[in-house]
Amino acid sequence: MSRLIYLLRHGQTRYNAELRLQGRCNSDLTAKGEAQATAMGARLRDLLDDATRWTLYASPLGRARQTAHLVCQQLGLDSDRIVWDERLVELGMGEWESRRVPELLAAHPELDLEQPDWYLQAPDGETFQSIQRRARAWLQDERIAERAIVVSHGLFGAMLRGAYADLDYTTTWLQELPQDAFYQLQDGHITRIACQLP
């Protein structure tokens with residue numbers, strides 16, 4: 001069978017709510033973020049015929065860990081089944097990590113947030129080529145299970161979808177970064193699956 005992937009972004013974090021850039025640093029899920037993670041797990045439970053036949057991969061960053069644990073709870077899976085994969089971590093934002101976006105704009109008025117790839121201007125940040133290599137390496141890894149659930153991050157998730165569907169640079173960066181929906185990747189197609197929050 002062709003590989004089937006469900007790709008999730010972590011739920012809302014404190015830094016998300018404070019308009020802070022996270023990158024490789026971390027902040028805990030908010031109550032809303034926990035509800036989002038639980039809703040994604042519940043929606044997955046409705047979609048999967050047998051959750052025990054699936055392998056769950058996740059970024060080892062704390063917010064993805066919290067989300068993966070909550071998803072496992074909804075699927076009735078032990079958290080020790082999670083495969084922590086460094087390749088799934090978020091784009092590194094160098095000197096801008098933990099900075100609030102309004103403060104960053106005040107310090108760098110030349111930044112144009114209308115350009116969806118503005119994150120790449122971060123000093124000592126990760127390059128597009130680096131994050132794209134990570135995404136492709138993960139997708140081409142023959143050790144990845146045929147049925148895979150992935151808990152990752154907003155920007156890396158967009159890069160993974162871009163690499164999967166062979167999207168051009170601009171289209172890759174223009175993709176949505178939801179925390180109340182996830183994506184099914186199968187046969188070269190990407191399908192958005194909305195989740196119902198309680």
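Everything in the sequence shown is counted per our numbering, starting at 1 for the first residue and increasing by one.
Glycine residues also receive a C-beta, built at the ideal position from the N, C-alpha and C atoms.
Could you give the distance in angstroms between the alpha-carbon of residue i and the alpha-carbon of residue j?
i       : j       : result
Ser-79  : Phe-156 : 23 Å
Val-150 : Thr-170 : 24 Å
Leu-77  : Glu-86  : 22 Å
Ala-35  : Leu-44  : 14 Å
Leu-139 : Leu-197 : 30 Å
Glu-97  : Leu-21  : 5 Å
Glu-206 : Ala-163 : A query on residue 206 cannot be resolved here, the shown segment of the chain reaching from 1 to 198 and no further.
Leu-185 : Arg-134 : 17 Å
Hey, out of the options, whose CA is closest to residue i's CA?
i       : options                            : result
Leu-56  : Arg-63, Ala-68, Gly-92             : Ala-68
Glu-114 : Asn-26, Asp-141, Leu-174           : Leu-174
Thr-38  : Arg-63, Val-71, Gln-179            : Val-71
Asp-166 : Gln-184, Gly-188, Glu-146          : Gly-188
Gly-125 : Pro-102, Ala-64, Leu-185, Arg-24   : Arg-24
Arg-200 : Phe-182, Gly-11, Arg-143           : With the chain running from 1 to 198 in the structure shown, residue 200 is simply not present.
Arg-3   : Arg-192, Ala-158, Asp-141, Gly-154 : Asp-141
Glu-176 : Gln-196, Gln-186, Ala-106, His-153 : His-153
Gln-74  : Ala-51, Asp-180, Leu-8             : Ala-51
Ser-130 : Gly-92, Arg-100, Pro-116           : Gly-92
Thr-179 : Gln-186, Leu-185, Ile-193          : Note on identity: in this sequence residue 179 is Gln, with Thr being the wrong assignment. Among Gln-186, Leu-185, Ile-193, the Cα nearest to that of Gln-179 is on Ile-193.
Can you tell me whether residue i is helix, strand or coil according to DSSP?
i       : result
Ile-144 : coil
Trp-84  : strand
Gly-186 : With the sequence shown as reference, residue 186 is identified as Gln, and Gly is not the correct amino acid for it. Strand.
Thr-171 : helix
Thr-30  : coil
Ala-39  : helix
Thr-67  : helix
Leu-113 : coil
Kindly identify the DSSP beta-bridge partner or partners of residue i.
i       : result
Ala-181 : Ala-194
Ser-152 : Arg-9
Arg-20  : Arg-100
So residue i and residue j are in contact, right, with Cβ under 8 Å, and what is the actual spacing, rounded?
i      : j      : result
Asn-16 : Gly-62 : With 8 Å as the limit, Asn-16 and Gly-62 do not qualify as a contact, their Cβ atoms being about 13 Å apart.
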